[in-house]
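Asks: Residues in the sequence shown are numbered from 1 upward in steps of one, following the numbering used here.
Even glycine gets a Cβ: it sits at the ideal position worked out from N, Cα and C.
None of the values given here were measured: they were computed from a predicted structure.
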Amino acid sequence: MHELSIAQSIVDAVETRASECQATKVKSVRLRIGEANCIVTDSLTFCFEMLTSLEPLLSGAHLLIDFVPHQAWCDHCASEFPVQNFVAQCPTCAEWSNTIVSGTEFQILEMEIDAATNVAT
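1. Beta-carbon within less than 6 Å of R30's beta-carbon, same chain only, minus the 5 sequence neighbours each way: which residues are those?
2. According to the Cβ coordinates, are A7 and L58 closer than 8 Å?
3. Does Q8 come out as helix, strand or coil in the three-state DSSP assignment?
4. So for L54, helix, strand or coil by DSSP?
5. Any idea which residues DSSP pairs V26 with across the strands?
6. Of the choices W73, V68, Q22, L4, whose alpha-carbon is the least far from that of S43?
7. Would you kindly check if the distance between the Cβ of S102 and the Cβ of V68 is under 8 Å?
8. Go ahead and label F48 buried or exposed: buried means 16 or more other beta carbons lie within 10 angstroms of its beta carbon, across all protein chains shown.
9. By Cβ distance, which residues of its chain are closer than 7 Å to A120, with the 5 residues on each side in sequence left out?
10. Do you know whose CA, among P82, R17, C90, lies nearest A115's CA?
As structure tokens, then:
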């Protein structure tokens, strides 16, 4: 279950950035995850919720996931196609000379926060 260590890395990164922004609360975190990463999004969400429940800054934060399909580009016939079961053979011309164009992403895109307000006295 590598989702737990991934969730911990997300929590660590978000806590660091939230602290830099002087956030008082993190409301949500949006990720972009490629299909080729083989991450079970339900497991990742469960682990994220478990870890954030222990942190006042992150407690109740929602994890939003944009899923990116695993796609390849055929260098021979210039067509784009879905990679199925990690087999990147072009379904049009049966060539193997392909370039992966999406599906390997793993990014923290944004987080929604409540920020501390400085009131001058």
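Replies: A quick look at the data gives this:
1. These residues qualify, in order along the chain: L64, L109, E110.
2. In this structure, A7 lies away from L58, with their beta-carbon atoms at least 8 Å apart.
3. Helix, per DSSP.
4. Coil.
5. For V26, the pairing in a beta bridge is given by DSSP as I113.
6. Measuring C-alpha to C-alpha distances from S43 to each of W73, V68, Q22, L4 identifies L4 as the nearest.
7. Result yes, Cβ atoms of V68 and S102 sit closer than 8 Å.
8. When all chains shown are included, F48 counts as buried.
9. Bear in mind that the predicted position of A120 carries a pLDDT of just 47, short of 50, making it unreliable; the figure below should be weighed with that in mind. So no residue of the chain qualifies.
10. From the listed residues P82, R17, C90, the smallest Cα separation to A115 is found for R17.
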